[in-house]
Every structure is written in C-alpha cells, then in structure tokens.
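Structure, as structure tokens:
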C-alpha cells in the first residue's frame, strides 16, 4: 500500500470538513457561513463525544456540561477580565479538561446506565452551581458589550474570525480523533468497549485510558463553548447546559456510525443540515420537529450501526477508506 | 427490507441536501410585482412555534400579525409623496433556544432582505439576535425582551417596547408605601432565572432605598412545585409584605400554597402570573394578589390622557384593539404579550410615517425622536450612548384580583392616575 493510502480515512474526513469550510467563502453569503458554523459545531462536538462514546463505549448523556463550562470560563475572561479570544479559548478548553479529569476519576468507575445517569447528574449539578455563583453572573448570566468586537475589526470581521477558528478547531478535533482511533491508546479503548474485564486481563490499564479518553473528549467542547458564546454575545445558565443538545449529539454519532472517524462527521452534517432545512423550508417549517423525529426513529430502528458502520459492514472494501 | 429502507433513507438525506442547494432563492415571494408607487416593506422575525416560550411568543406574533393585516387591508401606509408601503413578513421558528437564532436572523437580514426586524420573545434570544441586527444595519424593535442589560451593550439600532425589568416591581413598592405606611419588613422570594432575578434585584435596591428592611431574599428553581420551605421561612422572617415570583406556573403554585397555609400578609405581589386571565382559576387564593402588567384592557391610555401628558397620540384605542383581537382569534382575550406584538407594529408604523420614508436611517432617527402615546402607553427611547434604545416612556401598571359582582376580576390599582379601583389592603 502506498504511504498516503494509509491515511485515506483521515484525508477524506479532512477534505469533507474543508469543503464545508470553503463553501461559504465561494458563495460569499453570510447566511451560508452561519449554516456552515452550525454544522461545524455539530461535527466538532459529535467527534469529541465519539472518543468516549464510540471508541470507549461509555454513553455520556450530559456531555454538554463541558461546552457550558468552557463557555462560561472563556466568557468570564473575555467580558470581565478583558482577555482576548485566543487565550480564553485555551483556558476554556483546559478547565473543561481538568474538570473532566477530576470527575472522570470518580464517575468512570461506573458502567452502563449508571455512568449515563451520573453524567446527567453532573450536568444538573454544574447548572445549579453556576446559577448560584455570583462571580459568573448567577442566574442572570453575563453579556458582552458590542464594542468588544471592534478589537477584532468590527462585528462582521469578528464573526468571520470566529468561523475560521471553528474550522480550525473542527480540523484539530478530527485529527485527534483519527490519531486516537489508529493508536495503541485507541486500541485499548476499543478493547474496553468490547469487554472491559477481558481488556484488563490482557494488560489494558482501563482506569487510566478511560480517564484520558474522557479528558480528550471534554477539551474540545470547552473550546467550542467559548467560541459559541463569544459569538452569541450573552451567556445564561440554562442555554449553556441544554440537556437536549447532549441527546442530539448522541443521535449525530449514532446516525453517522459510532466508533468511526468519519461517522460523526457525516452524522452531524446530515442531522444539522436536515434540521436547518426543515426549519426554513416553507412546507416543513411548522412541523419540522415531527419530520425530524420520524426520520431519526427510522434510522435508530433499521440501521443501528449508523451509515458509515452499515457501509463498512456491507462493502468490506470501503473499510480502508472509511475509518 | 433493511436494504429498501436504507435506500429510502439515503434518498431522503440526499434530497435534503439537494433541497438546500435549490433553497438559496426561497426568500419570501412578493405576491405581485410592485407598482411604481408601491413599495413592500419586509419585516423579519423569529417566533417560538415550539419550545418553552410557545404560548407567550404565539400571542406576541398574533398581536403583530393582526396589526399587519389591518394595515394591509386598509391599503398600506401612505407616505406624503403618494407612495404606498405594503407590509410583508418573513419568519422562522427559533424553537425557543439560542442554537440557531443568529443563523436565522442572518438569513432574515441577508437572504430574505428584511428591511426591519422584530425581536424574538425573551431577553436571552434577543441578546443573540441584536448582534446580527446591529451588524447588518437593521433597525430592530424588541418586544417581550425586558432585561435592561441588552440595551447597555452599545447597540444603536435596537429599540425596546416593554418597560425594562428594573422597573417591573418598583411600582409595587410605591403602592405598598402608599397603602401601608406602617409596613417595614418585606420578603423577596423569586424564581432564580435571568428575568426574575434582574427584576427582584432592582426592586430590592429600590425598597432598601425607601427604608424597608428586606428580611428574606431567596430564589427558587424554575421547576419548584413545593413552596412549603419558602413559606415557612417567610413566616419565620416576620415579613409583612411578599414580593417576587417568576412565571405563570410557579407563581400560581406559590399563590395557592400560600393561601392554603393561611399565611397572614398585608400585600402579595407576583411577576407575570397574576395578569394572566387563567390566574382566576385559583379562586380565593387569587384574591388580593397583585401583579405588574405591561398592559391591560382596562388601562386608561386615551387621546385625552395623551393631551394631558403633552404628547402625541397615535393608533387605535385599547377597546378597538381588544375588539379586533378577540374577533380575529376566536374570542381569545389578548394578554400583554399580544398587546406588545401589536404595539411593536404601531410604533413601526408611526416611525415610517414620521420618517416619511422606508430608509432605515430615517426610521432610526424617527424612533430616536419618538415621544408618543399609544394604546399600550407612553413610548420614548433613551438616546444616550450607555442605554440607547432602553424604554423610558412606558410604565408598568399593577392589577389586583378583587371580588366583583360577577366573581373575581382584575382591577388596576396603581398608578393612581390610571386606577380603576382602590387596592384591597391588607389582603383579607
């Protein structure tokens, strides 16, 4: 096999995201940039979740907690401490990762439904804490002065910059996801997913591997949270920790194919695009939730391995290119 | 079987992408080609067709649509040069969440070519939409967005119809001072959300400034259904008046449980819930409860009161609005959310007439200079750099549920100038 062919799975994934990023640049339409931003956000969040859900087999129902937590930390640093977006993104991601590390040590001892329930509890607990923590605005939250965008050349430039940063984060998330998938570390995670006890017998240090997988899957949502709320101009407790978004992320991963690199990309792009189209298409916009629900029901019932998983099983030759 | 279904699914997904590719030209179609002396003004907004704001947002949109239909049915807005301005709407469902609000407002501003924007319902959604309005140079009238903070962010094109949250409950403190000068201890028990906390923080500072001792200041979660612990704390604190609440569900439960426990209080004022007609379902528990309202059918804003206040009167009377609304929506009684939506339209109409143009710069100038009375009350915007667009003309009115000949009914008890009845004090 030629050297580049070994990386075909990564190349295809990066190419897909790059095409999505270039699309608004070609059309030069702000609305296309906004649509692409929403899709990229979904891809990056779903790919992050895939590390713990798809590779390790731990269903994190409250994964959005890292998005909200990172968003809050970054927003605080930008709006109250006058930091620039770049170090704030870094801080948001690192704090989310640190929190996941400490938390992972405790809750990753749980398995199956107990772990899923614990993650929901964590989301609720952090939501309640933030609602009562005056430094981060308590129940009122925080708002950003419009003039802050002038530092980035005005609101239009700032929105464009946020889009480029989102593209970069998405590409990095996918590269990390690919590296995990193809590394010895990733192999250990897959072993844990298949049978944790057997994996430990074979020498996999499950607690450590799970914790690092959990940390990796938390860092990127933290960074994306900073970007999203900086763009949004305000942050409040309930919109920062929306449980329904956690569930949507799981759907995106399942739809595309859990445990694959390309699956969450396809799943998130299809899901976000479908929801966006249903919302704005005249014949569907009043019944968009019903139509989306029916489609998802069909997917979960008939192709539980997801689209990429189904293609890989059905056409073994594609396993080389669809990872 | 699985294969067929998969094929169908793949086709559906492919179709959705194709639809997207074709969809770039789906801006609202103008029904017929505009005549030379007729222009179409596209007004864009999102509404919460689904999600937690569905009820309030729905009423707001019904109010706005009624105004638009009336204007179009009457032949549009005629400018001095004979140009007729017809109205058209572009709207999407925001699902009551912030995920796509900026995407949708960008679509409204750039693809649907909306000339003017109306805010979504709620302060949180409006904060996200305001950035897009400002960035695209579109005037946005906000209704259903009371938080003060949104108008302190340096925007120049965002104008608020509602009385800001910081003045929601201050009138209740004035009322208390007027009817119960002997009261010294007050309790604030409120829902710990952005809106309610903002309201109560301002009211607490106002009450303390007037010399009241705040003996209890406690928030409760939005889904609280057992107010027993809070009621016990109120009793222990020795509070003589209770202010607070949040939204309809929690507010009505709070009122019912306070009544069931037989707590003796002189004045009980709650946010949002009391002005809703359904609050009467509480029966005796509703009696004496006071609530701030942006507007009530009883509100005495008339051309005569405008003359007394020395400001211009514009638009229909409250009675005309109520008759038209109930007629258009199968007898549905308008709430202040409905009136807010209609008022946003009336304000826009006045701004277009004053500007004598559909040019956004001229409309913004007209809004900046506006000092008007409409059926909703006074409308005047702060034009300072720090608080641009903040509503400074409009005031809350306070209703109280009182026993009438036909059972419980709402009466306006404050401000005194617009009162339809004296306040019942203390609560029996």
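Residue numbers (the working numbering), protein chains in the order written: chain A, 1 to 323; chain B, 324 to 751. The beta-carbon is built from N, C-alpha and C at its ideal position, and this holds for glycine as well. Everything numeric in this text was worked out from a predicted model, so none of it was measured.
Distance cut-off 7 Å: residue i Cβ against heavy atoms of the ligand ADP
i              : result
residue 113(A) : Looking at this structure, you won't find the ligand ADP or any other ligand, since it has none at all.
Simplified DSSP assignment, three categories, for residue i
i              : result
residue 280(A) : helix
residue 309(A) : helix
residue 693(B) : coil
residue 636(B) : strand
residue 508(B) : strand
residue 461(B) : coil
residue 272(A) : helix
residue 80(A)  : coil
residue 29(A)  : coil
residue 514(B) : strand
residue 394(B) : helix
residue 328(B) : Reliability of the predicted coordinates at residue 328(B) is poor, the pLDDT of 49 falling under 50, and the value obtained from them is presented with this limitation in mind. In the structure shown, residue 328(B) sits in a helix (DSSP, three-state: H, G or I).
residue 591(B) : strand
residue 58(A)  : coil
residue 746(B) : coil
residue 352(B) : With a pLDDT of 42 at residue 352(B), under the threshold of 50, the predicted position of this residue should be treated as unreliable, and no value is reported.
residue 687(B) : helix
residue 703(B) : strand
residue 413(B) : strand
residue 293(A) : helix
residue 698(B) : coil
residue 48(A)  : helix
residue 258(A) : coil
residue 714(B) : strand
Proximity test, Cβ basis, 8 Å: residue i and chain B
i              : result
residue 231(A) : yes
residue 140(A) : yes
residue 29(A)  : yes
residue 151(A) : no
residue 144(A) : yes
residue 50(A)  : no
residue 165(A) : no
residue 234(A) : yes
residue 279(A) : yes
residue 131(A) : yes
residue 38(A)  : yes
residue 123(A) : no
residue 305(A) : no
residue 200(A) : no
8 Å Cβ cutoff, residue i in contact with chain A
i              : result
residue 451(B) : yes
residue 579(B) : no
residue 420(B) : yes
residue 691(B) : no
residue 687(B) : no
residue 382(B) : no
residue 425(B) : yes
residue 556(B) : no
residue 458(B) : yes
Supposed close pair residue i, residue j - CB separation, criterion 8 Å
i              : j              : result
residue 123(A) : residue 52(A)  : Contact doesn't hold; Cβ gap of about 14 Å is too wide.
residue 587(B) : residue 547(B) : Going by Cβ atoms, the distance from residue 587(B) to residue 547(B) rounds to 22 Å, so no, they are not a contact pair.
residue 252(A) : residue 42(A)  : 6 Å
residue 265(A) : residue 13(A)  : 6 Å
residue 40(A)  : residue 170(A) : 5 Å
residue 464(B) : residue 671(B) : 6 Å
residue 387(B) : residue 665(B) : 6 Å
Among the options, the one whose alpha carbon lies nearest that of residue i
i              : options                        : result
residue 127(A) : 258(A), 295(A), 242(A)         : 242(A)
residue 613(B) : 683(B), 721(B), 653(B), 642(B) : 721(B)
residue 778(B) : 639(B), 608(B), 629(B)         : Coverage of chain B is limited to positions 324 through 751, which leaves residue 778(B) absent and any answer about it impossible.
residue 523(B) : 556(B), 457(B), 416(B), 471(B) : 471(B)
residue 234(A) : 40(A), 83(A), 48(A), 78(A)     : 78(A)
residue 501(B) : 589(B), 385(B), 711(B)         : 589(B)
residue 577(B) : 562(B), 551(B), 599(B), 563(B) : 551(B)
residue 674(B) : 661(B), 695(B), 389(B), 663(B) : 695(B)
residue 389(B) : 661(B), 703(B), 513(B)         : 661(B)
residue 512(B) : 528(B), 658(B), 569(B), 479(B) : 569(B)
Checklist entry - Mind pulling the alpha helix (DSSP H) runs of 4 or more residues that sit fully within the region 717 to 744 of chain B? => result none
Checklist entry - For the region 534 to 565 of chain B, which segments carrying the beta strand (DSSP E) assignment without a break, of at least 3 residues, lie completely within its bounds, in sequence order? => result 536 to 543
Checklist entry - Can you list the beta strand (DSSP E) stretches of 3 or more residues lying completely in the region 116 to 187 of chain A, in chain order? => result none
Checklist entry - Quick one: complete beta strand (DSSP E) runs, 3+ long, within the region 612 to 674 of chain B? => result 613 to 616
Item to check | 3-residue-minimum beta strand (DSSP E) runs that sit fully inside the region 422 to 483 of chain B, ordered along the chain | outcome: 439 to 441, 462 to 465, 481 to 483
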